[in-house]
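One structure is given here, and the rest of the page talks about it.
Protein chains: 2
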Amino acid sequence: MLISKIGEFGLIERFRRKIATDFSVVVGSGDDCAVLKFDKKYYQLFTCDMLVEGVDFTEKTDPYLIGMKSMAVSVSDIASCCGLPKHCVVSLGVPKKISLRKVDGIFKGMNDLCRKYKINLVGGDLSRSDKIIIDVSMLGLVEKSKLALRSGAKKGDIIFVTGPLGGSILGKHLCFEPRVKEARFLAQRYKINSMLDISDGLAQDLWHILKNSKVGGVIYEDLLPLTKEAKGLDDALYMGEDFELLFTLPNQEAKKLLKNNSGSFYPIGEIIDNNCSLVLIDKNNKEKVLKSDGFRHF
Amino acid sequence: MLISKIGEFGLIERFRRKIATDFSVVVGSGDDCAVLKFDKKYYQLFTCDMLVEGVDFTEKTDPYLIGMKSMAVSVSDIASCCGLPKHCVVSLGVPKKISLRKVDGIFKGMNDLCRKYKINLVGGDLSRSDKIIIDVSMLGLVEKSKLALRSGAKKGDIIFVTGPLGGSILGKHLCFEPRVKEARFLAQRYKINSMLDISDGLAQDLWHILKNSKVGGVIYEDLLPLTKEAKGLDDALYMGEDFELLFTLPNQEAKKLLKNNSGSFYPIGEIIDNNCSLVLIDKNNKEKVLKSDGFRHF
């Protein structure tokens with residue numbers, strides 16, 4: 001039996017059921033980051049992301065951008081939990097015949113992003129592999145009171161995104177800005193009920209929030225901000241790698257945010273009831289049930 | 299210019315020179331683990347190790363053993379710093395057509411090793427790749443007073459290993475026992491001046507201690523414990539993946555250990571002076587200068 005029979009998320013769920021963790025783990029596998037006990041004020045966040053040549057970038061991709069992306073995806077995970085990135089280690093697999101110039105480019109991209117976000121690159125592992133593989137593991141810190149998870153959405157919440165969606169494959173997926181600033185802005189002023197970053201497409205990632213929070217959602221086509229690069233609604237719903245934050249605020253908090261909105265936050269729908277369902281209201285006011293489709297490895 | 303021109307360690311050194319870290323990093327890249335500030339009593343250890351099909355195991359290797367090894371190499375890094383492993387995340391790249399049975403086997407190997415060492419497997423990333431790639435990142439804790447590094451060897455120290463060396467490629471490299479118990483035993487009773495685990499071969503790894511500590515060393519062929527699988531001295535010196543601990547104790551501490559020795563610790567030589575040199579005294583009492591040879595990816 002091939003793993004494609006049960007799919008990427010089926011496989012993850014299969015593993016998760018067999019894992020046991022102790023009291024020092026606040027949130028284990030299943031959110032954007034693991035949440036670990038740290039001290040009186042903070043939780044420690046722990047996440048990893050692997051990029052593979054031929055899947056996440058091509059042989060022709062600018063090495064500098066590959067390096068940037070390899071870090072940025074993990075920073076985005078830390079931001080999804082409202083944290084600040086602190087330390088990382090990098091495992092790098094490269095072909096024997098890779099040029100020094102290319103490896104230098106990848107490293108420079110990683111290192112520049114680390115400097116920008118004040119992340120300590122504290123170690124790594126170097127290995128031979130047929131194709132380029134980069135795995136970044138990152139640690140972050142978040143105030144206990146500010147931690148945001150996928151599981152806290154509640155009926156009446158307003159659903160937001162931090163930017164236009166779609167068409168990321170044309171370039172943005174390689175040079176997006178992880179939304180740390182936005183997450184911290186929100187965490188310091190508002191009560192965030194749920195949050196994650198859109199890596200697999202709005203539909204699939206919103207489904208992660210709905211399932212984990214055991215609620216339903218409705219989104220409005222008219223409200224969905226699209227990038228110039230998006231060819232249409234489907235790009236925003238299913239393409240993935242937008243790396244914008246998707247979050248929900250209680251209605252009163254949402255009103256405050258919208259009143260003070262600097263233009264960075266787009267309300268796109270609301271959490272409606274306790275049934276796991278996701279409905280899109282299209283431009284003609286017609287309801288369309290959205291399934292949990294989007295990017296999948298298997 | 300290909301990276302093989304400057305080699306694996308040249309490349310790592312090239313990267314390291316460009317990295318900046320802040321006050322929260324006690325030891326950055328270059329030891330078995332990064333050492334991070336944690337609390338009054340403990341440092342946090344952070345390490346990662348990537349295994350690649352065709353390099354660290356073959357297509358025919360028992361998946362369960364692949365899973366065990368992927369965890370054990372990181373546990374061994376934590377042990378090298380005298381720490382206890384606590385949490386880990388796993389990035390797993392597998393081909394689209396891999397069988398569920400094989401993936402289950404890998405996972406069971408990882409999970410069983412985690413349970414044995416009470417490690418929380420708190421998250422991961424799953425990706426498509428042509429060959430199996432496993433990268434484990436692990437966190438551990440060590441009492442500040444017990445931290446062992448590569449850089450503390452001093453003239454007069456006795457050099458020890460925790461077990462026979464050589465021939466690991468015949469099987470041990472897939473099912474070795476990381477030396478956590480031995481490291482903790484030593485740390486609680488003796489002053490360890492330097493320590494690491496032998497992954498690239500005794501000669502190369504002892505060189506890491508000598509260079510980092512700016513000292514020289516002499517080892518005795520007569521004292522070197524060989525496994526039954528080792529075909530000869532060269533296997534012990536250069537083959538690698540023994541995953542035994544290599545450590546140095548001040549002379550007085552070494553005497554105490556040897557007096558109480560339960561048979562797990564083998565003295566093999568001593569730290570002799572302040573010049574970076576490594577000499578082997580062979581069975582005929584002849585001196586042989588050992589270079590820093592051993593396993594290298596490039």
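Chains as they are written, first to last, in the numbering used here: chain P, 1 to 298; chain U, 299 to 596.
All residues carry an ideal CB built from backbone N, CA and C; glycine is no exception.
C-alpha gap between residue 524 of chain U and residue 442 of chain U, whole angstroms:
34 Å
Closer than 8 Å, CB to CB, is residue 13 of chain P near chain U or not?
no
Classify residue 175 of chain P as helix, strand or coil using the three-state DSSP reduction.
helix
Taking only beta-carbon atoms, is residue 151 of chain P less than 8 Å away from chain U?
no
Express the C-alpha separation of residue 88 of chain P and residue 122 of chain P in angstroms, rounding to a whole number.
6 Å
So residue 306 of chain U contacts chain P; which residues on that side make the cut at Cβ distance below 8 Å?
126
On the criterion of 16 or more Cβ atoms from any shown chain inside 10 Å, does residue 592 of chain U qualify as buried, or is it exposed?
buried
Can you confirm whether residue 444 of chain U, when its beta carbon is compared against all beta carbons of chain P, has any partner nearer than 8 Å?
no
Cut-off 6 Å between Cβ atoms - residues of its own chain near residue 485 of chain U, not counting five sequence neighbours on either side
380 and 444
Checking contacts by CB at 8 Å: is residue 120 of chain P closer than that to chain U?
yes
Which residues of the segment 370–383 of chain U have a Cβ closer than 7 Å to any Cβ of chain P? Give them in chain order.
none
In angstroms with no decimal places, state the Cα-to-Cα distance between residue 284 of chain P and residue 221 of chain P.
9 Å
Residue 160 of chain P, enclosing alpha helix (DSSP H) - first and last residue:
First-last for residue 160 of chain P: 158–161, but that is the beta strand (DSSP E), not the alpha helix (DSSP H).
Between residue 103 of chain P and chain U, is any beta-carbon pair separated by less than 8 Å?
yes
Does any C-beta atom of chain U lie closer than 8 Å to the C-beta of residue 294 of chain P?
no
Rounded C-alpha distance that separates residue 67 of chain P from residue 290 of chain P:
34 Å
On the three-pair Cβ rule with 8 Å, is the segment 260–279 of chain P touching the segment 68–81 of chain P?
no
Determine the burial state of residue 473 of chain U: buried for a count of at least 16 other Cβ atoms within 10 Å of its Cβ, exposed for fewer.
exposed
Assigned secondary structure, residue 209 of chain P (DSSP; H/G/I helix, E/B strand, else coil):
helix
Determine the chain P residues that contact residue 473 of chain U at a beta-carbon separation under 9 Å, and present them in chain order.
Going along chain P, no residue has its Cβ under 9 Å from residue 473 of chain U, so there is no contact; the nearest lies around 21 Å.
Whose Cβ in chain U lies nearer than 8 Å to the Cβ of residue 115 of chain P?
318
Assuming residue 406 of chain U and residue 362 of chain U form a contact by the criterion Cβ under 8 Å, report the distance between their Cβ atoms to the nearest whole angstrom.
6 Å
Just list the residues that DSSP pairs residue 84 of chain P with in beta bridges.
P:141
For residue 391 of chain U, count the other beta carbons within 10 Å of its own beta carbon; 16 or more makes it buried, fewer makes it exposed. Which is it?
buried
C-alpha distance - residue 8 of chain P paired with residue 398 of chain U, whole-angstrom precision:
11 Å
I'd like to check one pair, residue 344 of chain U with residue 437 of chain U: are the Cβ atoms closer than 8 Å?
yes
Could you tell me the alpha carbon to alpha carbon distance between residue 30 of chain P and residue 308 of chain U, rounded to whole angstroms?
38 Å
Residues near residue 95 of chain P in its chain [Cβ-Cβ closer than 8 Å; skip 5 each side]
128, 129, 130, 131 and 132
Which residues in chain U have a C-beta closer than 8 Å to the C-beta of residue 264 of chain P? List them in chain order.
Simply none; closest approach about 28 Å.
Check the C-beta distance from residue 565 of chain U over to residue 457 of chain U and give it rounded, since I have them as a contact under 8 Å.
7 Å
Would you kindly work out how many angstroms separate the C-alpha atoms of residue 373 of chain U and residue 232 of chain P, rounded to a whole number?
49 Å
For residue 148 of chain P, tell me which candidate among P:200, P:202, P:171 and P:84 has the shortest Cα-Cα distance.
P:84
Taking just the CA atoms, how far does residue 205 of chain P sit from residue 493 of chain U?
46 Å
Can you tell me the Cα-Cα spacing of residue 57 of chain P and residue 73 of chain P, whole angstroms?
13 Å
Simplified DSSP assignment, three categories, for residue 497 of chain U
coil
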